[in-house]
Amino acid sequence: MGGEQSLLYYYKKKVDPSRLTFARELRGLTKKALADKLGKKASAITQFEAGTLGMSFETFSTLVKELEIHPGLLSAENTQLPSADMANCHFRANKRVPQMLRQSARCYALQVLSIYNYLEELGVKFPPITFNQYSGPSLSEQQMEEYAVAVRHGLGLKLGPIQNMAEFLENIGIRIVILDGERRGLDAFAAWISGQPCIMLDKEFASRMPFDYAHEFAHLLLDEDTIPGDLMAERRANRFASAFLMPAASFVQNCPSRYGRAAFIETKLFWRVSIAAALYRAKLLGVMSERSYTNAMINRAKANENIHEPAEFSRPMPTLLAQAMKLVSKITNLKKMSEHLGILQDELEHILLCQNVSQEVLDEMKPEKRTSVVLQFRPLSK
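Printed below as a string of structure tokens:
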């Protein structure tokens, strides 16, 4: 029996039915879609995932092949996956995003967080949680302004710009997952996962990232028990983000009252927010009139700058995972990680690159390849 088949036989005996569900949702497949790939009925997939029906070795092998997964992903012996129910994930109220894409994004995030778990097993210590969740009565919009400032003060921030929201959030104990290209369109979502606050984010537009980070931070602070997607919860998260990034007392002092491209580029770069966020904040605080705001939006749309903004600053990317991978690069390698996590090595490398781990570190963590030795014989002299 070949090594690959032996591995498949080993993991087939160790299958955890709940991981079948995880693997299917990770790939964004319905039960029927997976059943079609296996030549089965959807009811068979239901029974496989419930653990009430075993599968043959042939079916198991086909499933691993069709899902393009490491067979260890289906085993409970590997690094434990964090748990997060969809009902606890605060996705934006965007009905255009298919439910299966949300499921896939949640599973992708759990895979990334399992890497954190693995690194902790190796002895890496990540920053502890240093913020408190809000537990009082519902806040009005004005109270949200005051609460955002109180949170800043409680975390040692003054009223100026936050230069890097990703760095700030990681330092207070929040884990950030950058969504890959297959799961773009979700913008961002947040959840407490196995007691750990987590923010999942798309990195497409650099200047939108700080507001998205702050919006999701609001959900972690305020909405653990609210229904995800609730429009009022989204509104108050937006108000918190706006007040947290651009505190009224300091923002009104240097924000232009009329739209000028150069002036708002300067505002953007100073406050590390998008021009769109700065304009809306100026209108909200009464610095800019409704008419001026509308004219600004029209002018920006005509210049095609309402989506693709000018003068983008560098993306505020997470760095904790990159630092941790560098720390462990001498004591483990990608092959060991792949086997322990149940993630194919190529896929693991793709995930880590997406999480801002450098290719240089990953190359250091690849087992050395044996090189063939070429012997050159010199002709005997006569």
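Heads up, the sequence shown is in my numbering, so the first residue is 2 and it goes up one at a time.
No residue lacks a Cβ here, since even glycine has one placed at the ideal position from N, Cα and C.
It should be emphasised that the depicted structure is a prediction, and the values quoted were computed from it without experimental measurement.
Straight-line CA distance for Glu121 to Phe127?
Answer to the nearest angstrom: the Cα atoms are 8 angstroms apart.
Nonlocal neighbours in the same chain, by C-beta distance under 6 angstroms from Glu365, ignoring five residues either side
Only Ser330 meet the Cβ criterion.
Please report the straight-line C-alpha distance between Tyr12 and Gly343, rounded to a whole angstrom.
Taking the straight line from one Cα to the other gives about 10 angstroms.
Rounded separation between Lys303 and Leu9 - CA only:
Their Cα atoms are separated by approximately 58 angstroms.
Going by C-alpha to C-alpha distance, which of Gly161, Ala207, Tyr148 and Ile266 sits closest to Pro1?
With the chain covering 2 to 383 only, the question about residue 1 has no answer from this structure.
Less than 8 angstroms between the CB atoms is what I'm expecting for Leu246 and Ile163, so what's the real figure, rounded?
The C-beta separation of Leu246 from Ile163 comes to about 7 angstroms, placing the pair in contact by the 8 angstroms criterion.
On a Cα-Cα basis, can you pick out the residue from Ser339, Gln254, Phe218 and Lys33 that is closest to Cys199?
With distances taken between CA atoms, Cys199 lies nearest to Phe218 out of Ser339, Gln254, Phe218 and Lys33.
Taking DSSP as the reference, what is the three-state secondary structure of Met201?
In the structure shown, Met201 sits in a strand (DSSP, three-state: E or B).
Whole angstroms are fine: how far does the CA of Lys159 sit from the CA of His71?
For His71 and Lys159, the distance between alpha carbons rounds to 48 angstroms.
Among the candidates Ala242, Thr295 and Ala250, whose CA atom is the shortest distance from the CA of Tyr260?
By alpha-carbon distance to Tyr260, the top candidate from Ala242, Thr295 and Ala250 is Thr295.
Taking its Cβ as the centre, do 16 or more other Cβ atoms sit within 10 Å of Thr53, making it buried, or is it exposed?
The C-beta of Thr53 has fewer than 16 other C-beta atoms within 10 Å across all chains shown, which makes the residue exposed.
Which ranges would you report for the alpha helix (DSSP H) in the segment 155 to 205 if only whole runs of at least 4 residues count?
Runs of alpha helix (DSSP H) with 4 or more residues, each lying fully within the segment 155 to 205, are found at 166 to 172, listed in chain order.
For Cys108, which residues of its own chain have a beta-carbon under 7 angstroms away from its beta-carbon, when the five flanking residues on both sides are left out?
Excluding positions up to five away in sequence, the list reads Phe23, Glu26 and Leu27.
Given that a residue counts as buried once 16 or more other Cβ atoms are within 10 Å of its Cβ, and exposed if not, what is Ala263?
Ala263 sits exposed, since fewer than 16 C-beta atoms from the chains shown fall within 10 Å of its C-beta.
Assumed close pair Val178, Leu223 - CB separation to whole angstroms, cut-off 8 angstroms
The C-beta separation of Val178 from Leu223 comes to about 20 angstroms, leaving the pair out of contact by the 8 angstroms criterion.
Might you give, ordered along the chain, the residues of its own chain that have their beta carbon closer than 6 angstroms to the beta carbon of Asn165, omitting 5 neighbours on each side?
Closer than 6 angstroms at the Cβ level, and outside the excluded window around Asn165, lie Pro317.
Please report the straight-line C-alpha distance between Ser251 and Gly161, rounded to a whole angstrom.
Going by the C-alpha atoms only, they are around 7 angstroms apart.
Just the Cα atoms here: how many angstroms apart are Glu59 and Ser76?
Rounded to whole angstroms, the gap between the alpha carbons of Glu59 and Ser76 is 17 angstroms.
Chain-order list of residues whose beta-carbon lies under 6 angstroms from that of Leu345 (same chain, five-residue window excluded):
Spatial neighbours of Leu345 in its own chain (CB-CB distance under 6 angstroms, excluding positions within 5 residues in sequence) are listed in chain order as His71.
Name the two residues that bound the continuous alpha helix (DSSP H) containing Glu122.
Unbroken alpha helix (DSSP H) run through Glu122: Gln100 to Glu122.
What separation, rounded to the nearest whole angstrom, lies between the Cα atoms of Thr31 and Arg236?
So the alpha carbons of these two residues sit roughly 32 angstroms apart.
Integer-rounded CB distance, given that Leu335 should sit under 8 angstroms from Lys367
Contact between Lys367 and Leu335 holds: their C-beta atoms lie close to 6 angstroms from each other, under 8 angstroms.
Shortest alpha-carbon distance to Ala191 belongs to which of Met338, Arg103, Arg273 and Tyr117?
Comparing Cα positions, the closest option is Arg103.
Given Ala238, which residues of its chain have a CB within under 6 angstroms of its CB, disregarding the five upstream and five downstream residues?
Cβ neighbours of Ala238 beyond the five flanking positions: His216, Ala219 and His220.
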